[in-house]
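K.L.:
Sharing a structure, written as structure tokens. Questions coming.
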Amino acid sequence: MPDRPLRLRFAPSPTGFFHVGGARTALYNWAIAQRLGGTFVLRIEDTDEARNQPEWTQGIIDALAWIGIHTADPHFEGPYFQSEFATEHVAAAMRLFQAGRAYYCDLTGDQIQERAKLTGKPGYDNSSRDRGLEAGPGRVLRFRVPEGTTVVDDLVRGAVSFDNSNIEDFVLLRGNGTPMFLLANVVDDVTMRISHVVRAEEHLPNTPKQQMLWQALGAVPPVWAHVPVLVNEQRKKLSKRRDKVAVEQYRAEGFLADAMVNYLMTLGWAPSGETEIVAWSRIVDEFRLEDVNHSPAFFDVKKLTAFNGEYIRAMTVSQFIEACAPFLAADDVPWQRERFNPSVFSEMAELVQTRVARLDEVAAMVDFLFLADAPIDDAAFAKVMAVPTSLALLTEVAKAYEVAEWNHEALKETLEAIGDGYGLKLGKAQAPVRVAVTGRTIGPPLFESLQVLGRDETLRRVRAAVDRYGAAPA
RNA sequence: GCCCCCAUCGUCUAGUGGCCUAGGACACCACCCUUUCAAGGUGGCGGCACGGGUUCGAAUCCCGUUGGGGGUGCCA
């Protein structure tokens, strides 16, 4: 355990979106920083490409904020950019050279391959070690890997040991003098006095190199914790190309931040007790890196969706209405924007709330209320009108609803009575009315919908359906 | 090739030598409820990869096999 204040660094590389795997790692760091009163340090790996796309960095900050990691929080520090420490990267490399811990090498890639072919061992054979080369154009600075074994003490995996003879003298400075990522990364961590490095498992094989660098630089290495990666159904690491990994996209699809956070935390870890649905405060209290699973976890959108449904249902109706607002005013909404009536939606909201698992499903559930001409699904219409009594029933309903009291109880009783006349139970009797009015066979409870829709519009649609049936060939 | 990591229902997990006839969740199926669809309730299906040890006793410890993943750049 390094003797320094708790500082955890999260170092994503901006790529134009924020990866769900990165989100989980950030959450791990965040939970620990909050519980132990440490600092969450955000350090962005700014590549040339990322530097030309400042909105990528902003995207990371926005996505972090969405999952509850705010720059204004006292535990939050940063963002820092790797380039801010560039001069220190080179300076550290020079110190290593002067101390004899690094040396120059003028071998080209081709020469290295040639030698490898001769020895039968792939890679660089450390043959420049004792040639005493000085700095020069085209010469790289290599770290002199010491003899022995490097043991990485990992909070998740325990002691992992590496035989140094399997680690070749790696490059610190390129032929043009610029630092390699590995060096930059370690120097940044040393400079910022990072105490804990919590990151994805894929970095474990490079950790001995980093640890040797820490030690060569005269610093006590951090506590390492390599958490398992997130995989797809093929058990491959989640990738931008193949998989849907952007948290921004899940947000746009109407996943709630709390649900996402909760679900992400159950991947590789489980809260104590009877349920996995737990508040962030519980997670902060209970989360331990030592308890994180060792094997990769499949990011299961179905389960995420189920969590999301639970979170939606746990909201109060007014919270739900508020959460739906952006999805009902979106550009791709199925109705003309000016036809949307918030108070009509409010009346229906409670009925919709138990019927969606994602906020982006809401619009399709209430669209018939705001569409001038609710499109009738042909298959549904055909199916429902194939019942011989449907036409007569619809005609009778149109008549009865002209005078019925306009509330859902009365509307239900009226239809129930008409259905009785045809020997139909309510479940069957409501079907043609539902299709006539909403265009579909499924949807929110019918009579409540009619009540909200109003008498005039209901009658218009029922009559239109009768006409439509009459117009169709028998 | 070499190195490292991993292995409990389809999936995510609980389990740290006896409370395990392996518990929960998602998914799936059935039933109940019901105004369609949901939600809710009840029940069901389904797993310790394999082989050796150690032990009175192993999902749990050790070794091996098999299978998966990752790393191995003058990429980040």
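In this text, residue positions in the first sequence follow the working numbering: the first is 65, and each later residue adds one.
For each residue, glycine too, the CB sits at the ideal point set by N, CA and C.
Curious, which full-length alpha helix (DSSP H) runs of at least 4 residues does the stretch 478-520 contain?
P.N.:
Segments of the alpha helix (DSSP H) lying fully in the stretch 478-520: 490-502, 510-517.
K.L.:
Are Pro292 and Val261 close, meaning C-beta to C-beta below 7 Å?
P.N.:
Cβ atoms of Pro292 and Val261: not closer than 7 Å.
K.L.:
Can we say the stretch 501-517 touches the stretch 439-448, given the rule of at least three CB pairs closer than 8 Å?
P.N.:
Contact holds: three or more Cβ-Cβ distances are below 8 Å.
K.L.:
Starting from the C-beta of Gly518, find all residues in its chain whose C-beta is less than 6 Å away, skip the five residues before and the five after it, and write them out in chain order.
P.N.:
Excluding sequence neighbours, Gly518 sits near nothing in its chain.
K.L.:
Which ranges would you report for the beta strand (DSSP E) in the stretch 103-185 if only whole runs of at least 3 residues count?
P.N.:
As far as the stretch 103-185 is concerned, its whole beta strand (DSSP E) runs of at least 3 residues are 103-108, 140-145, 166-169.
K.L.:
Who are Lys301's beta bridge partners in DSSP?
P.N.:
Paired residue(s): Val295.
K.L.:
Tell me, please, which residues DSSP counts as bridged to His260.
P.N.:
The partner list for His260 (beta bridge, DSSP) reads Leu72, Val287.
K.L.:
Does Ala493 pass the burial test, meaning 16 or more other C-beta atoms within 10 Å, or should it be called exposed?
P.N.:
Looking at its Cβ environment, which holds 16 or more other Cβ atoms inside 10 Å, Ala493 is buried.
K.L.:
Count the other CB atoms within 10 Å of the CB of Ala450; is the residue buried (16 or more) or exposed (fewer)?
P.N.:
So Ala450 ends up on the exposed side.
K.L.:
Contact check, Thr103 vs Glu141 under 8 Å by CB: the rounded distance?
P.N.:
Correct: roughly 5 Å between the Cβ atoms.
K.L.:
Look at the Cβ atom of Arg527, then the Cβ atom of Ala474, and state whether they are nearer than 7 Å.
P.N.:
Going by C-beta atoms, Arg527 is not nearer than 7 Å to Ala474.
K.L.:
Thinking C-beta only, is Glu317 closer than 7 Å to Ser422?
P.N.:
Checking the sequence shown, residue 422 turns out to be Arg, not Ser. It is a contact, given that the beta carbons lie within the stated cut-off.
K.L.:
My output table needs one value for Leu236: the three-state DSSP class, helix, strand or coil.
P.N.:
The answer is strand: DSSP assigns Leu236 an E or B state.
K.L.:
With three or more beta-carbon pairs closer than 8 Å as the criterion, would you say the stretch 367-380 touches the stretch 409-416?
P.N.:
No: the two stretches stay apart, fewer than three of their Cβ pairs being nearer than 8 Å.
K.L.:
Tell me, which residues are paired with Pro243 by DSSP?
P.N.:
According to DSSP, which records beta bridges pairwise, Pro243 is partnered with Leu237.
K.L.:
Do His139 and Val309 have their C-beta atoms within less than 7 Å of each other?
P.N.:
Result no, Cβ atoms of His139 and Val309 do not sit closer than 7 Å.
K.L.:
From Asn190 to Glu178, what distance separates their C-alpha atoms?
P.N.:
If you take the alpha carbons of Asn190 and Glu178, they lie about 14 Å apart.
K.L.:
Could you tell me if Val325 is buried or exposed, where buried requires 16 or more neighbouring beta carbons within 10 angstroms of its beta carbon?
P.N.:
When all chains shown are included, Val325 counts as buried.
K.L.:
What do you get for Asn249, buried or exposed, if any count of 16 or more other CB atoms within 10 angstroms of its CB means buried?
P.N.:
Asn249 comes out buried.
K.L.:
Taking the alpha-carbon positions, what's the Pro398 to Asp431 distance?
P.N.:
Distance between the alpha carbons of Pro398 and Asp431 is about 7 Å.
K.L.:
Output the distance between the C-alpha atoms of Arg165 and Val209, rounded to the nearest integer angstrom.
P.N.:
One C-alpha to the other measures close to 8 Å.
K.L.:
Kindly indicate which residue of Ala283, Phe351, Arg401 has the alpha-carbon position closest to the one of Tyr92.
P.N.:
Minimum Cα distance to Tyr92 is reached at Phe351.
K.L.:
Go to Arg315, then tell me how far its alpha helix (DSSP H) extends in each direction, as first and last residue.
P.N.:
First-last of the alpha helix (DSSP H) with Arg315: 311-316.
K.L.:
With distances taken Cα to Cα, identify the nearest neighbour of Leu457 among Ile258, Ile133, Leu435, Lys489.
P.N.:
Comparing Cα positions, the closest option is Lys489.
K.L.:
Taking Cβ to Cβ, would you say Val204 is nearer than 7 Å to Val235?
P.N.:
Their beta carbons are under 7 Å apart, which means Val204 touches Val235 by this criterion.
K.L.:
Just grab the DSSP bridge partners of His472 for me.
P.N.:
DSSP output for His472 lists no bridge partner at all.
K.L.:
What does a CB cutoff of less than 6 Å around Leu455 pick up in its chain, not counting 5 residues either side in sequence?
P.N.:
Result list for Leu455: Tyr533, in chain order.
K.L.:
Using a Cβ-Cβ cut-off of 6 Å (strictly less than) and excluding sequence neighbours within five positions of Gly202, which residues of its own chain qualify?
P.N.:
Excluding positions up to five away in sequence, the list reads Gly239.
K.L.:
Please report the straight-line C-alpha distance between Ala39 and Lys367, rounded to a whole angstrom.
P.N.:
Nothing can be reported for residue 39, as the shown portion of the chain is limited to 65 through 538.
K.L.:
Kindly indicate which residue of Lys300, Phe434, Val251 has the alpha-carbon position closest to the one of Arg403.
P.N.:
The option with the nearest alpha carbon to Arg403 is Phe434.
K.L.:
Taking the alpha-carbon positions, what's the Gln383 to Glu425 distance?
P.N.:
Whole-angstrom Cα-Cα distance: 16 Å.
K.L.:
Which residues bound the alpha helix (DSSP H) around Gly373?
P.N.:
Segment 365-378, the alpha helix (DSSP H) holding Gly373.
K.L.:
Which residue from Gly80, Arg498, Ile96 puts its Cα closest to that of Arg549?
P.N.:
There is no way to answer for residue 549, as the model of the chain reaches only from 65 to 538.
K.L.:
Using only CA atoms, which one of Leu523, Ile133, Gly483, Gly80 lies nearest to Val467?
P.N.:
For the residues Leu523, Ile133, Gly483, Gly80, the minimum Cα distance to Val467 belongs to Leu523.
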